[in-house]
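Converting from the sequence shown to the numbering used here requires adding 87 to each position, the first position being numbered 1.
By construction, the Cβ of each residue, glycine as well, lies at the ideal position given by its N, Cα and C atoms.
Everything numeric in this text was worked out from a predicted model, so none of it was measured.
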Amino acid sequence: MTENKNVKLSIYISEKLRTQFKMACTAKQTSMNQVLVDFIEEWATENDPLKQKVPSTHES
Numbered sequence: 088m089t090e091n092k093n094v095k096l097s098i099y100i101s102e103k104l105r106t107q108f109k110m111a112c113t114a115k116q117t118s119m120n121q122v123l124v125d126f127i128e129e130w131a132t133e134n135d136p137l138k139q140k141v142p143s144t145h146e147s
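Here it is as structure tokens:
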């Protein structure tokens, strides 16, 4: 059985952007972590190279 283990991811952003992001998350009563996890999951799914359509080489 595969267990999903959480790992830490660090990024560098400006203090101003962090404050703006934190305030927006607080206003929406969600955590910064949850917003980022949701975004990364969605982005990774949409951009998964294993699920990308390969352009057809056949012409109709």
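Span of the alpha helix (DSSP H), counted from its first residue to its last, around residue i
i: Glu-102; result: 102-114
i: Asn-120; result: 119-133
Pairwise C-alpha distance: residue j and residue i
i: Trp-130; j: Lys-109; result: 21 Å
i: Ser-101; j: Asp-135; result: 29 Å
i: Lys-103; j: Thr-144; result: 48 Å
i: Ser-138; j: Ala-114; result: Residue identity check: residue 138 is Lys in the sequence provided, not Ser. If I take the Cα positions, the gap works out to 35 Å.
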